[in-house]
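Below: one structure, written as structure tokens.
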Amino acid sequence: MPAVVLVVIRAYPKELLEKFDDLVAEIDTKLKEKGFTLMKWEASEIAFGYKALDLYIIMPEEQEGGTDIVEETIKSVEVIDNVDVIYLTRLST
């Protein structure tokens with residue numbers, strides 16, 4: 905069985921959001937279409953009520969292009985302005 909990687913990506917919305925449920929559902933659908941698994945998510949307080957979204961995603965270790973395809977998939981959601989990879993680790997199989 906090939907190894908997998910856990911990547912934590914912080915997604916920054918273009919505007920203030922109170923609830924992330926609909927956004928997370930849209931991101932989850934797009935990630936599943938590409939073969940990735942969204943394990944969990946949490947809102948991350950940035951400043952003055954602005955919150956980003958921390959997404960915990962499982963991807964194959966040998967993914968060509970590394971995290972680029974995951975980042976581009978998340979950025980393709982209209983509400984998302986930018987993303988940062990904040991953590992990456994290999995999970996034992």
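So the mapping is simple: the numbering used here equals the position in the sequence shown, first residue as 1, plus 904.
Note that CB positions come from ideal geometry on N, CA and C, so glycine has one too.
Since the model is a prediction, treat every value here as computed from it, not as a measurement.
{"Query": "Leucine 992 CB to nearest heavy atom of the ligand PLP below 8 angstroms", "Result": "Although the ligand PLP was asked about, the structure shown includes no ligands whatsoever."}
{"Query": "Buried or exposed by the 16-neighbour rule on C-beta atoms within 10 Å, applied to phenylalanine 940", "Result": "buried"}
{"Query": "CB-CB length for leucine 957 against alanine 929, believed under 8 angstroms", "Result": "Actually they do not touch by this definition, with Cβ atoms about 12 angstroms apart."}
{"Query": "Anticipated Cβ contact below 8 angstroms, isoleucine 973 with methionine 943, distance rounded", "Result": "Their Cβ separation, rounded to whole angstroms, is 17 angstroms, which puts isoleucine 973 and methionine 943 out of contact at 8 angstroms."}
{"Query": "C-alpha gap between aspartate 932 and alanine 951, whole angstroms", "Result": "26 angstroms"}
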